[in-house]
Amino acid sequence: MTSKEQFITEVIRVASERGYKIESNARTGKGQIDFGNKKLHTGHLSELYPAILSATANISSLIESVAPGRPCSHKPMKEIIEQLKSEGKL
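Per our numbering, the sequence shown starts with residue 8, numbered consecutively.
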């Protein structure tokens, strides 16, 4: 199984490759992915791990549980996780 740190690094890598802006949160200094209207930071990604890796994970529900009100992040995160699984990174 991938470590939490590896998971976060890989998610950020794929998000960047897919054209999402990676930035630092001005308030907390945490790295974050900008999905257009809403953002997920490394703290959110940390909280999603390892549950988001389960074959039966409901990614939308998991995101809502750690970062409510960010529906625009659901589909891209599903795609990022699918890509990482297909690459054998997870």
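The beta-carbon is built from N, C-alpha and C at its ideal position, and this holds for glycine as well.
Since we're looking at a predicted model, the values are computed, not measured.
Cβ contact (3+ pairs, closer than 8 Å) linking the stretch 33-41 and the stretch 58-66: no
Can you name the start and end residues of the beta strand (DSSP E) that S31 belongs to? K28 to S31
May I ask you to report which of helix, strand or coil DSSP gives K92? helix
Alpha carbon to alpha carbon, what distance is there between E94 and L55? 20 Å
Closer than 7 Å, CB to CB, is A33 near chain B or not? Among the protein chains of the structure shown there is no chain B, as only one such chain exists.
Beta-carbon separation (whole angstroms), K11 vs S53, contact threshold 8 Å: 6 Å
At what residues does the alpha helix (DSSP H) containing L52 begin and finish? T49 to L55
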